[in-house]
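Here is the structure we will look at, set down as C-alpha cells.
Number of protein chains: 2
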Amino acid sequence: MNISQVAARTGLPAKTIRYYEDIGLVTPDRRPNGYRDFTQNDAHKLGFLGRARALGFSIDDCRNLLTLWEDKSRASADVRSIAREHLDEIDAKIAGLTAMRHTLAELVQGCAGDNRPDCPILKGLEGS
Amino acid sequence: MNISQVAARTGLPAKTIRYYEDIGLVTPDRRPNGYRDFTQNDAHKLGFLGRARALGFSIDDCRNLLTLWEDKSRASADVRSIAREHLDEIDAKIAGLTAMRHTLAELVQGCAGDNRPDCPILKGLEGS
DNA sequence: CATAGGGGTTCCAGTCACGGGAAGGTCAAG
DNA sequence: CTTGACCTTCCCGTGACTGGAACCCCTATG
Chain L
1 MNISQVAART
11 GLPAKTIRYY
21 EDIGLVTPDR
31 RPNGYRDFTQ
41 NDAHKLGFLG
51 RARALGFSID
61 DCRNLLTLWE
71 DKSRASADVR
81 SIAREHLDEI
91 DAKIAGLTAM
101 RHTLAELVQG
111 CAGDNRPDCP
121 ILKGLEGS
Chain R
1 MNISQVAART
11 GLPAKTIRYY
21 EDIGLVTPDR
31 RPNGYRDFTQ
41 NDAHKLGFLG
51 RARALGFSID
61 DCRNLLTLWE
71 DKSRASADVR
81 SIAREHLDEI
91 DAKIAGLTAM
101 RHTLAELVQG
111 CAGDNRPDCP
121 ILKGLEGS
C-alpha cells in the first residue's frame, strides 16, 4: 500500500505517517524505487495510533500502548494503569478549565457590553 | 525596577518577561549598564498579562486585551466579545475532554485489570 | 518520443510559549 | 581583590507535527 492509501484509510495526513516512521512507531517496507510499502498490519497500527491520539494519549503513551498491544503475553493491568493515569490527567484538565470558565463567566456577566469604556472584565484582570 | 523584582511581584519567571519584551508586549527602559528598568506601569501590565494567561487567553488575545486596556475610550463591548469567544473555546474544550473521559472511562470499566492478556481497552482502540 | 500531471522522496524551517544553560558584563559586600 | 548574586545575549530543545522546496518516479496522452 502506498502512503496516500494508508493515509486515506487511517485519516492521518501523510506527513504525520512519515513522522511516525521517523520516531519509530511504524517501520514500513521499501520498494525498489524507494516508495514506502505499508502492510495491512502497518495500516492497523496507524489506525490504532490515530484513535489513541484522538483520545489524548501522548506519543509516549502510544508507544507503550503499541508495545503492549503487540505483546501477546502482556497483562491487561498494565494497559489499565496507563489508561487510569490518563483519566486522572483528563479530570485535572477538566477541573482546571471549569474553574477558569467560572471566573471568566463571572467577569463577562458583570460586563454591560455597551459603548461605555467602563469594563469590569479588564478591572478583574487588573488584579487586587 | 530590575527584572527579578518585577518577576517577584508578578509571579512571572524572568525568562517569560524577557520573552514578552521580545514579542513586543512590554517595552521596559534600559539603564546605562544595559539592565532593563521596569516602571510601575510595566509591572502592572505584566501582572495583567499573567492573570489573563492564567485564564487561558492566548498571547494574541492578551495583545488585544492590553490594547483595549490602555485605550481609555474603548467600548466594553469589545472586551466582552473577546471574553465571550474565549468562553466558547473553553466550553468546547471541556466538552471534548468530557467526551474523551467518557470513552476512556468505559474502556477502563470494562477492563478486569488482572493478568490475563485479554484487554478490552486495547480492543476498543483497535477500532471497528 | 516528449511532456504533463500526480504520485512519491528527502531535508530544512517554522510553529507556541517558553525553559535550560553557556559565556560574559556589572554591582555591592567583605 | 575576590566572591557571589544578578544581569545581559545567544543558541538549542521541547511536542507533534505542518509547510515548502527541490527532486525522483510512473502513467497517459499528443
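If you're matching them up, the sequences are chains L and R in order. Residue 61 in the UniProt record's numbering sits at position 61 of the first sequence; the count goes up by one each step and never skips. Residue 116 in the UniProt record's numbering sits at position 116 of the second sequence; the count goes up by one each step and never skips. No residue lacks a Cβ here, since even glycine has one placed at the ideal position from N, Cα and C. Everything numeric in this text was worked out from a predicted model, so none of it was measured.
In this structure, does DSSP put D71(L) in helix, strand or coil? coil
Among the residues of its own chain, which have a CB less than 8 Å from the CB of A43(R), if the five just before and after it don't count? M1, V6, R9, T10
Nearest to T16(L) (by Cα), restricted to the options A95(L), A99(L), L49(L), A77(L): L49(L)
L107(R) versus S81(R) - alpha carbon distance: 39 Å
With L49(R) as the anchor, note down where its alpha helix (DSSP H) starts and where it stops. 40 to 54
Secondary structure at R84(L), three-state DSSP: helix, strand or coil? helix
Going by beta carbon distance, what residues of the same chain come within less than 6 Å of F38(L), once the five residues before and after it are set aside? M1, V6, P28
Run through chain L and tell me which residues come within less than 8 Å of A83(R), C-beta to C-beta. L104, L107, V108, C111, I121
Per DSSP, what kind of secondary structure is R31(L) in: helix, strand or coil? coil
Name the DSSP beta bridge partners of D22(R), please? DSSP lists no partner for D22(R).
Cβ pair count under 8 Å reaching 3, the stretch 97 to 104 of chain L against the stretch 85 to 101 of chain R: yes
If L65(R) and A52(R) are in contact, beta carbons under 8 Å, what's the gap, nearest whole angstrom? 6 Å
Please report the straight-line C-alpha distance between A83(L) and S76(L), rounded to a whole angstrom. 11 Å
Nearest-angstrom Cα separation, counted from N41(L) out to R31(L): 17 Å
Judging by CA-CA distance, which residue of L55(L), Y20(L), E70(L) is the nearest neighbour of A95(R)? L55(L)
Using the Cα positions of I59(R) and D61(L), report the straight-line distance between them to the nearest angstrom. 29 Å
Chain-ordered neighbours of G56(R) on chain L, where CB pairs are closer than 7 Å: M100
G23(L): buried (16+ other C-beta within 10 angstroms of its C-beta) or exposed? Checking the displayed sequence, the identity of residue 23(L) turns out to be Ile instead of Gly. The residue is exposed, with fewer than 16 neighbouring Cβ atoms inside 10 Å.
Interface partners of I90(R) on chain L, CB under 8 Å: L97, M100, R101, L104
Starting from S4(R) and walking both ways along the alpha helix (DSSP H), at which residues does that stretch end? 3 to 10
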